[in-house]
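The next block holds one structure in the form of structure tokens; read it before the comments.
Protein chains: 2
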Amino acid sequence: MTLKALIDGSRTAIEADPAKAAAVFAVSGRLVGTTEVAIRAGRHELTVDEPAALAGTDLGANPVEHALIALASCQAITYRFWAAQLGIELDSVEVAAEGDLDVRGFFGFDDTIRPGFTSVRLKVTPSGPEPAERYQQLADAVDEHCPVLDLFSHPTPIERTVVTA
Amino acid sequence: MTLKALIDGSRTAIEADPAKAAAVFAVSGRLVGTTEVAIRAGRHELTVDEPAALAGTDLGANPVEHALIALASCQAITYRFWAAQLGIELDSVEVAAEGDLDVRGFFGFDDTIRPGFTSVRLKVTPSGPEPAERYQQLADAVDEHCPVLDLFSHPTPIERTVVTA
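Take a look at the structure:
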């Protein structure tokens, strides 16, 4: 099945039953070392850790790197889907993401500094046989519809529960 | 070196030279299949993919799952650091994160629906020998200082560059 057929099929199915549009994603994990975290998402297991400068043993990418992995991969995949929607031929997409962090926020040395990224740079290189304007048009459609770019750009409501004995 | 000693050492070093507080994290990747993305973060390489329902082959967690992995692991590690800062004994931390997505936003079937998570539920279970109030106090400190919780909760400035031939 082509991607366009999958998208059209989803549209038909969701128009018939809007409840089919709802998806829930879930992960769970636990701290298994000083900073080592064992995480499961579906059938996938992975290790998140910090580098030595943050007391870890660098057994995996760290949490903020996973946030950038989410952003970069979401961009690449959203290019793929929207190229299919817009009928734009796309041979490849390269993505690089960088984020600046001021660790004074995380450590609480200065509570006027946010703990998260203060800025992020994203560089996307789509390529294929079409004129450059078509890939710019694609980029604009992607940025309107990329789930993780939306997460970075807008607040998401979080309901937090802390369970203590 | 204990975690407390690492934190105190960081404080001293950053007070002497505030430029030491600046950290840059970077990842890069490319689309290598229909939805398969090969990503590198430091020395770590991983595969991000979509499940079959989203045209992928489920070779790895998908982008929004990576965003939840970032959140869950950041919470766990921030519990570890802030327990050390506050002198709270912490034996373990379990974390579960769930996010709701309405795929009509991503597909552009309804542009009044945001493409990202419409809501996220986070459940954290810290445990150890101290009274429950101490872990609640820890949870409050964590939520003020967790980089990825901050990313989910507040907009982050993104500078995007699209490179076309």
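Chains L and V supply the protein sequences, listed in that same order. Position 112 of the first sequence, counting from 1, maps to 112 under the numbering used here, and the rest follow consecutively. Add 165 to the 1-based position in the second sequence for the numbering used here, that's all there is to it. C-beta: ideal position from N, C-alpha, C; glycine also. For clarity, every value in this text was computed on a predicted model and none was experimentally measured.
With three or more CB-CB distances shorter than 8 Å, the segment 68–76 of chain L counts as touching the segment 228–245 of chain V. In the three-state reduction of the DSSP assignment, G9(L) falls in the helix class, which pools H, G and I. In the displayed model, H154(L) falls within coil according to three-state DSSP, outside both helix and strand. Among the residues facing chain L, T177(V) is not included, as its CB has no counterpart in that chain under 8 Å away. For a cut-off of 8 Å, the C-beta gap from S318(V) to P115(L) is around 10 Å, too long to register as a contact.
In the DSSP assignment, L68(L) falls within the alpha helix (DSSP H) that extends over P63 to L86. Burial state of D17(L) is exposed, judged by a 10 Å Cβ sphere holding fewer than 16 other Cβ atoms.
Contact annotation: the segment 81–93 of chain L does not touch the segment 47–62 of chain L, with fewer than three C-beta pairs closer than 8 Å. Taking 8 Å as the cut-off, the beta carbon of R176(V) is found closer than this to the beta carbon of F107(L).
E201(V) sits in coil when the DSSP states are folded into three classes, being neither helix nor strand.
Using a CB distance below 7 Å, the part of the segment 3–37 of chain L facing chain V consists of L3, L6, I7, S10, R11, I14, A21, A22, A23, V24, F25, A26, V27, S28, G29, R30, L31, T34, T35 and V37, ordered along the chain. Interface criterion met: the Cβ of G108(L) is under 8 Å from a Cβ in chain V.
Put simply, the backbone Cα of C311(V) is about 43 Å away from that of P131(L). For A83(L), the closest Cβ of chain V is not nearer than 8 Å. For E263(V), the uninterrupted beta strand (DSSP E) segment begins and ends at S257 to D267. Residues of chain V with a Cβ closer than 9 Å to the Cβ of Q136(L) are, in chain order, V327 and T329. Judged by their CB atoms, I158(L) and I234(V) are not nearer to each other than the 8 Å cut-off. In the DSSP assignment, R30(L) falls outside any alpha helix (DSSP H) and lies within the beta strand (DSSP E) extending over A22 to L31. Shown here, L224(V) sits in coil according to DSSP, grouped into three states, outside any helix or strand.
Here R134(L) carries a helix assignment [DSSP, helix/strand/coil].
As the crow flies, the alpha-carbon of A304(V) is around 19 Å from that of G33(L). The alpha carbon of T329(V) has as its nearest neighbour, out of D143(L), P126(L), L149(L) and Q137(L), the alpha carbon of P126(L). Looking at the DSSP output, A206(V) sits in a beta bridge with H209(V). Contact of G252(V) with chain L is not assigned, every C-beta pair being separated by 8 Å or more. At a beta-carbon threshold of 7 Å, the residues of chain V lying near T125(L) are V328, ordered along the chain. According to DSSP, residue pairing for T326(V) in a beta bridge involves K123(L).
Taking a C-beta cut-off of 8 Å against chain V, the contacting residues of the segment 144–162 of chain L are E144, H145, C146, P147, V148, L149, D150, L151, F152, S153, H154, P155, T156, P157, I158, E159, R160, T161 and V162, listed in chain order.
For the pair L122(L) and R325(V), the CB atoms are nearer than the 8 Å cut-off. A buried status is given to G99(L), since no fewer than 16 other beta-carbon atoms sit within 10 Å of its beta-carbon. Cβ-Cβ distances below 8 Å link E309(V) to nothing in the same chain once the five nearest sequence neighbours on each side are left out.
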